[in-house]
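Let me begin by presenting the structure, written as structure tokens, before commenting on it.
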DNA sequence: TGTGAAGTTGCTCATTGGGTAAATTTGCCC
DNA sequence: GGGCAAATTTACCCAATGAGCAACTTCACA
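Chains as they are written, first to last, in the working numbering: chain A, 11 to 211; chain B, 11 to 211.
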């Protein structure tokens with residue numbers, strides 16, 4: 011067999027990733043075309059070429075399937091933060107991780123992403139799942155920040171920083187799809203981050 | 011009839027509020043006793059003395075019934091902010107509104123509240139709904155802040171302040187139920203708010 | 001190539017959310 | 001008090017869902 015070099019995950023893992031991605035894309039297509047409420051799990055599974063039962067093996071519901079892209083985006087961001095040089099202060103490392111992912115990626119970070127943000131705005135059920143993603147990500151990120159800064163576990167500082175950063179990104183993305191005329195995402199995000207640095211009064 | 015004085019909302023409205031409250035309390039009792047997953051909508055309706063269909067007229071699901079208390083708490087907080095003197099800067103007004111509701115209420119702001127926070131920590135489905143509540147509240151609060159500060163609509167500043175304040179409260183409440191030994195809630199909340207004022211680095 | 005593990009599928013069932021229409025309760029005017 | 005209109009509850013219903021189970025298929029690894 012022509013084995014690929016390095017850490018190719020094996021056929022099994024690749025197939026799983028493929029069906030997961032297929033289900034996600036099917037959910038997106040159908041939701042954009044017909045609106046979320048009109049989309050059944052069965053239709054998604056059909057379009058992805060698997061059974062309804064298999065859908066349940068991958069996602070807890072159509073909302074999860076739809077937001078899988080967001081989940082990945084957040085995971086990537088956290089990973090990028092985790093590998094920043096350890097001598098960087100956390101907030102700097104967060105902003106650098108963000109810049110690495112978005113600013114360098116050019117203007118439109120992800121063509122589907124804007125659609126997803128718009129879908130979330132329309133459907134409250136999506137909002138819940140998305141916010142839940144942010145909350146769990148906040149947890150993981152806070153732990154990483156705590157390790158980096160060497161603060162005692164249970165300290166409030168890392169949690170607040172994690173929340174501020176993530177919800178800053180969230181707010182920036184909603185502003186991004188609202189703003190008229192449109193501005194590039196990273197510009198808005200930077201503005202939000204700077205705003206966070208300024209004290210409230 | 012012995013009509014009550016003042017702005018009594020009428021029997022119809024009072025009964026609606028009563029059943030809503032009854033459903034909420036029934037959901038709480040059952041969730042605390044048996045765990046959220048074991049609780050069916052039918053059981054909640056039974057305990058509240060209404061039909062399953064009536065439950066649906068009040069809440070979209072058991073999570074909503076459970077988090078009704080949180081929804082009210084947030085509504086009260088926003089209302090308290092709205093009636094602060096208009097010359098106060100928004101951040102000051104937010105903190106004063108908070109103090110009015112919590113500090114003056116004595117040590118334990120709500121005996122059920124801690125239970126709810128714990129339930130949300132255990133069940134991800136609750137986390138989603140709760141975060142959705144925060145997101146919609148964030149929207150309303152941002153509008154009020156924008157009006158008070160006279161910023162142009164669509165400005166980023168009010169949204170960020172609303173998010174910072176609300177998620178500050180959210181983080182404070184999770185810390186509150188975690189912390190060992192326990193500290194009063196408003197102390198933790200103040201600490202979090204102060205932390206938010208300090209710039210990140 | 002064989003053997004066990006992992007993944008898929010069809011079947012099934014309890015639960016759910018909501019449409020509809022009948023029945024009941026409340027508000028209000030006489 | 002009686003009666004009518006509007007609001008609310010309820011019973012009945014159905015499509016959709018999430019998940020347990022057992023058979024079947026595919027993959028990994030020796």
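Every residue gets a Cβ at the ideal spot worked out from N, C-alpha and C, and that includes glycine.
| Check | Outcome |
| --- | --- |
| Nonlocal neighbours in the same chain, by C-beta distance under 6 Å from residue 16 of chain B, ignoring five residues either side | Here the model assigns residue 16 of chain B a pLDDT of 42, short of 50, so the residue's position is not dependable, and the following value carries that caveat. The answer is none, since no qualifying residue turns up. |
| Within chain A, the residues that residue 186 of chain B reaches when beta carbons sit closer than 8 Å | Residues of chain A passing the Cβ test: none, with the nearest at roughly 11 Å. |
| Min CB distance residue 79 of chain A to chain B below 7 Å | no |
| Within 7 Å, strictly: CB atoms of residue 79 of chain A and residue 139 of chain B | no |
| Contained alpha helix (DSSP H) runs [length at least 4] in the stretch 129 to 201 of chain B, N- to C-terminal order | 134 to 159 and 166 to 188 |
| Member of A:191, A:181, A:193 and A:154 whose CA lies at the smallest distance from the CA of residue 206 of chain A | A:181 |
| Where residue 11 of chain B sits in the DSSP three-state scheme | With a pLDDT of 40 at residue 11 of chain B, under the threshold of 50, the predicted position of this residue should be treated as unreliable, and no value is reported. |
| Own chain, CB closer than 7 Å to residue 107 of chain B, minus 5 neighbours either side, in chain order | 87, 90, 91 and 94 |
| Same chain only: Cβ atoms within 6 Å of residue 36 of chain B, ignoring 5 sequence neighbours per side | 54, 57 and 58 |
| Proximity winner among A:149, A:68 and A:209, relative to residue 23 of chain A (alpha-carbon distances) | A:68 |
| Residue burial classification, residue 27 of chain B (beta-carbon count within 10 angstroms, cutoff 16) | exposed |
| CB contact flag (residue 81 of chain A, residue 136 of chain A, <7 Å) | no |
| N-terminal and C-terminal residue of the alpha helix (DSSP H) that residue 107 of chain A is part of | 100 to 112 |
| Extent of the continuous alpha helix (DSSP H) run through residue 66 of chain A | 62 to 68 |
| Contact set for residue 52 of chain A: own chain, Cβ-Cβ below 7 Å, skip 5 residues either direction | 62 |
| Candidates A:41, A:105 and A:25, of which the one nearest residue 176 of chain A by Cα | A:105 |
| Short-range partners of chain A found in the stretch 159 to 175 of chain B, where Cβ spacing is below 9 Å | 164, 166, 167, 169, 170, 171, 173, 174 and 175 |
| Start and end residues, alpha helix (DSSP H) containing residue 44 of chain B | 21 to 44 |
| Residue interval of the alpha helix (DSSP H) (run including residue 71 of chain B) | No alpha helix (DSSP H) holds residue 71 of chain B; DSSP gives it neither H nor E. |
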